[in-house]
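In short: position in the sequence shown from 1, add 2, done, that's the numbering used here. Everything on this sheet refers to the single structure shown next.
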Amino acid sequence: MDFAAELSKYIPMFAQLSEGFVVTVEIFALTLLFSMPLGMLVAFGRMSKIRLIRTLAKVYISVMRGTPLMLQILVVYFGPFYMFRISMGTGYRFPAVIIAFVINYAAYFAEIYRAGIESMPIGQYEAADVLGYSKAQTFFKIILPQVIKRVLPPVTNETITLVKDTSLAFTIAIAEMFTTAKQIAAASTSMVPLIGAGVFYYVFNLLVAMLMERIEKKLSYYR
């Protein structure tokens with residue numbers, strides 16, 4: 003068997019898979035970019051002394067964590083038409099996926115951040131007050147660096163889950179990597195594209211885990 007000839011048959015497959023992988027990376031990166039800061043805002047709302055804000059944040063987190071991400075994608079995509087009779091067109095598919103992913107993951111990050119912030123000893127706030135730090139200075143210079151160190155492991159878990167959850171974009175016909183792999187596998191009656199997709203996911207998650215571990219080591223002086 004000519005190995006080069008056999009390999010050449012799979013080159014177009016992996017070229018198509020790489021196109022789907024680009025979409026997967028875009029969903030992953032944009033979700034992190036917007037959900038992490040939004041999660042911090044929701045966490046502040048969840049800890050607010052204003053009862054209405056605290057209740058709204060709590061309900062938001064409960065709904066986002068208590069309903070499937072797939073359902074949320076469908077609601078974000080079809081909602082404008084069914085509720086307001088506004089047709090968004092097929093160009094709205096990708097933005098709808100990003101919106102759904104962002105609001106979903108922001109809820110999870112919010113609870114992670116809240117747990118990290120509330121785990122800080124009250125003595126650190128009191129010491130900062132004695133030293134004349136403002137509330138903003140106390141949070142950003144003393145509390146936040148330690149919180150980042152504490153929440154990195156659960157944030158890493160959510161980030162790895164996000165890599166795999168990107169496959170749910172198929173719900174509204176976004177051709178990310180897993181959807182592309184399924185289409186190629188069906189057309190070629192071969193498991194190779196699905197195995198290739200599995201390798202892509204594994205390597206991507208491995209790189210994410212290594213990066214987060216490196217960041218955690220850099221912050222190891224916060225103990």
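Every residue, glycine too, gets a C-beta built ideally from N, C-alpha and C.
C-alpha gap between I145 and G68, whole angstroms
30 Å
With DSSP collapsed to three states, give me the class of G198.
helix
Using 8 Å as the threshold, is the region 12-22 in touch with the region 188-199, meaning 3 or more CB pairs across them?
yes
For V44 versus A31, is the C-beta spacing smaller than 8 Å?
no
Per-residue DSSP class, three states only, for K143:
helix
List the endpoints of the continuous alpha helix (DSSP H) containing F86.
71-86
Cβ atoms of Y110 and V153: under 8 Å apart, would you say?
no
Got a sec, what are the start and stop residues for the alpha helix (DSSP H) M179 sits in?
179-190
So, does the region 184-191 touch the region 161-168, judging by three or more C-beta pairs under 8 Å?
no
Unbroken alpha helix (DSSP H) runs of length 4 or more, entirely within the region 3-57: which are they?
5-48
Identify which residue in T181, T182, V99, V149 has its Cα closest to the Cα of M122.
V149
Once the 5 residues before and after I176 are set aside, which same chain residues still bring their CB inside 7 Å of it?
V25, R95, F96, V99
Are the beta-carbon atoms belonging to I63 and A112 less than 8 Å from one another?
yes
Could you give the DSSP three-state label for G91: helix, strand or coil?
coil
For F142 versus F23, is the C-beta spacing smaller than 8 Å?
no
Going by the beta-carbon positions, is the gap between I29 and A171 smaller than 8 Å?
yes
Around the Cβ of R53, are there at least 16 other Cβ atoms within 10 angstroms (buried) or fewer (exposed)?
exposed
Run through DSSP, which three-state label would G2 get?
Nothing in the structure corresponds to residue 2, since the chain is present only between 3 and 225.
Using the Cβ count rule (16 or more neighbours within 10 Å means buried), how would you classify I138?
In the sequence as displayed, the identity of residue 138 is Ala instead of Ile. Exposed, since its Cβ has fewer than 16 Cβ neighbours within 10 Å.
CA nearest to the CA of S37, picked from E160, F80, L73, Y127:
E160
Identify which residue in T92, V78, E120 has its Cα closest to the Cα of N106.
V78
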